[in-house]
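So for the sequence shown, our numbering puts the first residue at 4; every next one is plus one. Take a look at the structure set out below.
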Amino acid sequence: MTDQELQALVEAVSQASFGKPFRHQARFNARLRTTGGRYLLQSHDIELNPRHLQEHGEEELLGIIKHELCHYHLHLEKKGYRHADRDFKELLRRVGGSRYCQSVRTAGKPRPYKYELLCTSCGMRYLRKRKVNPSRYVCGRCRGRLRLRPLTQG
(Lines of atoms letter the chains of each structure in order from A and count residues from 1; the text may use other names and numbers.)
(Lines give C-alpha, C1' and ligand atoms only; values in the text may rest on other atoms or scores of the structure.)
Protein backbone atom coordinates (compact mmCIF):
# COMPACT_ATOMS: atom_id res chain seq x y z
CA MET A 1 0.00 0.00 0.00
CA THR A 2 1.38 3.39 -0.96
CA ASP A 3 1.08 6.63 1.00
CA GLN A 4 -1.56 7.85 -1.50
CA GLU A 5 -3.66 4.72 -0.93
CA LEU A 6 -3.22 5.13 2.82
CA GLN A 7 -4.33 8.78 2.59
CA ALA A 8 -7.48 7.73 0.71
CA LEU A 9 -8.18 4.96 3.23
CA VAL A 10 -7.82 7.30 6.23
CA GLU A 11 -10.10 9.88 4.59
CA ALA A 12 -12.71 7.19 3.85
CA VAL A 13 -12.56 5.76 7.42
CA SER A 14 -12.84 9.26 8.88
CA GLN A 15 -15.93 10.05 6.83
CA ALA A 16 -17.58 6.64 7.40
CA SER A 17 -16.85 6.19 11.12
CA PHE A 18 -16.77 9.78 12.38
CA GLY A 19 -18.86 11.64 9.80
CA LYS A 20 -16.10 14.25 9.57
CA PRO A 21 -13.40 14.87 6.96
CA PHE A 22 -9.71 14.23 7.54
CA ARG A 23 -7.95 17.33 6.16
CA HIS A 24 -4.31 16.56 6.94
CA GLN A 25 -1.63 14.06 5.88
CA ALA A 26 -1.55 10.35 6.65
CA ARG A 27 1.64 8.46 5.86
CA PHE A 28 3.64 5.39 6.71
CA ASN A 29 6.70 5.80 8.93
CA ALA A 30 8.94 2.72 8.93
CA ARG A 31 11.00 4.11 11.82
CA LEU A 32 8.17 3.52 14.30
CA ARG A 33 9.21 0.55 16.42
CA THR A 34 7.01 0.11 19.48
CA THR A 35 3.74 1.66 18.35
CA GLY A 36 1.18 1.12 15.63
CA GLY A 37 0.83 4.79 14.85
CA ARG A 38 0.93 8.29 16.21
CA TYR A 39 -0.98 11.54 15.93
CA LEU A 40 1.23 14.61 15.68
CA LEU A 41 -0.20 17.48 17.73
CA GLN A 42 1.62 20.29 15.92
CA SER A 43 0.91 19.35 12.30
CA HIS A 44 -2.22 17.21 12.91
CA ASP A 45 -0.73 14.51 10.67
CA ILE A 46 -1.01 10.80 11.34
CA GLU A 47 1.89 8.38 10.95
CA LEU A 48 1.35 4.63 10.83
CA ASN A 49 3.72 1.70 11.20
CA PRO A 50 3.77 -0.25 7.90
CA ARG A 51 4.88 -3.45 9.66
CA HIS A 52 1.45 -3.79 11.28
CA LEU A 53 -0.10 -4.03 7.83
CA GLN A 54 2.52 -6.56 6.69
CA GLU A 55 2.38 -8.78 9.78
CA HIS A 56 -1.24 -8.49 10.94
CA GLY A 57 -3.24 -7.38 7.90
CA GLU A 58 -5.65 -4.63 6.98
CA GLU A 59 -8.11 -5.29 9.83
CA GLU A 60 -5.43 -4.45 12.41
CA LEU A 61 -4.47 -1.34 10.42
CA LEU A 62 -8.10 -0.16 10.40
CA GLY A 63 -8.24 -0.41 14.20
CA ILE A 64 -5.06 1.66 14.49
CA ILE A 65 -6.39 4.25 12.01
CA LYS A 66 -9.59 4.64 14.05
CA HIS A 67 -7.52 5.00 17.22
CA GLU A 68 -5.40 7.79 15.71
CA LEU A 69 -8.48 9.48 14.20
CA CYS A 70 -9.99 9.61 17.70
CA HIS A 71 -6.94 11.59 18.83
CA TYR A 72 -7.21 13.77 15.71
CA HIS A 73 -10.89 14.70 15.89
CA LEU A 74 -10.98 15.18 19.68
CA HIS A 75 -7.88 17.39 19.61
CA LEU A 76 -9.33 19.61 16.89
CA GLU A 77 -12.60 19.87 18.84
CA LYS A 78 -10.65 20.83 21.98
CA LYS A 79 -11.94 17.82 23.91
CA GLY A 80 -10.05 15.18 25.89
CA TYR A 81 -7.84 13.51 23.27
CA ARG A 82 -5.43 11.68 25.61
CA HIS A 83 -5.66 7.94 26.34
CA ALA A 84 -6.89 8.46 29.91
CA ASP A 85 -9.64 10.95 29.00
CA ARG A 86 -13.27 9.87 29.11
CA ASP A 87 -14.02 11.54 25.75
CA PHE A 88 -11.29 9.47 24.09
CA LYS A 89 -12.39 6.18 25.62
CA GLU A 90 -16.06 6.74 24.71
CA LEU A 91 -15.34 7.76 21.12
CA LEU A 92 -12.93 4.85 20.64
CA ARG A 93 -15.54 2.40 21.90
CA ARG A 94 -18.24 3.98 19.72
CA VAL A 95 -16.27 3.75 16.46
CA GLY A 96 -14.76 0.33 17.23
CA GLY A 97 -11.09 1.32 17.21
CA SER A 98 -8.43 -0.73 18.94
CA ARG A 99 -7.23 0.39 22.36
CA TYR A 100 -3.93 -1.48 21.97
CA CYS A 101 -2.17 -2.80 18.88
CA GLN A 102 -0.55 -6.18 18.52
CA SER A 103 3.20 -6.33 18.90
CA VAL A 104 5.48 -6.67 15.91
CA ARG A 105 8.62 -8.78 15.94
CA THR A 106 11.76 -6.80 15.39
CA ALA A 107 13.65 -8.62 12.66
CA GLY A 108 16.94 -10.14 13.72
CA LYS A 109 16.54 -9.35 17.40
CA PRO A 110 16.43 -12.18 19.93
CA ARG A 111 13.41 -12.70 22.10
CA PRO A 112 13.44 -10.38 25.09
CA TYR A 113 12.61 -13.16 27.57
CA LYS A 114 14.99 -16.00 28.36
CA TYR A 115 13.25 -17.66 31.32
CA GLU A 116 9.79 -18.69 32.37
CA LEU A 117 8.52 -19.19 35.90
CA LEU A 118 5.68 -21.71 35.88
CA CYS A 119 3.29 -22.20 38.80
CA THR A 120 2.98 -25.87 39.67
CA SER A 121 -0.54 -25.38 41.07
CA CYS A 122 -2.49 -23.17 38.65
CA GLY A 123 -0.17 -23.06 35.61
CA MET A 124 0.32 -19.27 35.64
CA ARG A 125 3.33 -18.18 33.52
CA TYR A 126 5.75 -15.39 34.39
CA LEU A 127 8.29 -14.39 31.73
CA ARG A 128 11.67 -13.09 32.89
CA LYS A 129 14.71 -11.65 31.16
CA ARG A 130 17.06 -12.67 33.97
CA LYS A 131 17.47 -15.92 35.84
CA VAL A 132 15.87 -15.83 39.30
CA ASN A 133 15.74 -18.22 42.23
CA PRO A 134 12.19 -19.65 42.18
CA SER A 135 12.31 -20.72 45.85
CA ARG A 136 12.29 -17.03 46.85
CA TYR A 137 8.92 -16.37 45.17
CA VAL A 138 5.38 -17.73 45.07
CA CYS A 139 2.60 -17.43 42.51
CA GLY A 140 0.76 -14.13 42.68
CA ARG A 141 -2.52 -15.79 41.79
CA CYS A 142 -2.67 -18.86 44.06
CA ARG A 143 0.50 -18.65 46.21
CA GLY A 144 1.72 -21.94 44.72
CA ARG A 145 5.33 -23.03 44.14
CA LEU A 146 7.17 -21.82 41.06
CA ARG A 147 9.43 -23.79 38.72
CA LEU A 148 12.06 -22.12 36.51
CA ARG A 149 12.62 -23.26 32.96
CA PRO A 150 14.68 -21.67 30.17
CA LEU A 151 12.88 -20.61 26.99
CA THR A 152 14.21 -21.84 23.67
CA GLN A 153 15.32 -19.12 21.26
CA GLY A 154 13.61 -18.98 17.87
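Ideal Cβ positions, reconstructed from N, Cα and C, are used throughout, including at glycine.
Give, in chain order, every unbroken run of the beta strand (DSSP E) that is at least 3 residues long and sits entirely within the region 25-76.
-> List check, beta strand (DSSP E) in window: 29-31, 40-42, 49-51.
What is the DSSP secondary structure of Glu80, reduced to helix, strand or coil?
-> Note: Glu80 maps to coil in three-state DSSP.
Taking Cβ positions, are Arg36 and Glu50 nearer each other than 7 Å?
-> Not a contact, by the Cβ cut-off of 7 Å.
DSSP state of Val107, grouped into three classes?
-> Coil, per DSSP.
Alpha-carbon spacing of Thr123 relative to Arg97, whole angstroms | So the alpha carbons of these two residues sit roughly 42 Å apart.
7 Å Cβ shell around Gly157 - same chain, five flanking residues per side excluded = Because Gly157 carries a pLDDT of 49, less than 50, the predicted location of this residue cannot be relied on, and no value is offered for it.
Where Leu94 and Cys73 are concerned, what is the direct C-alpha to C-alpha distance, given to the nearest angstrom?
-> Using only the alpha carbons, I get a separation of about 7 Å.
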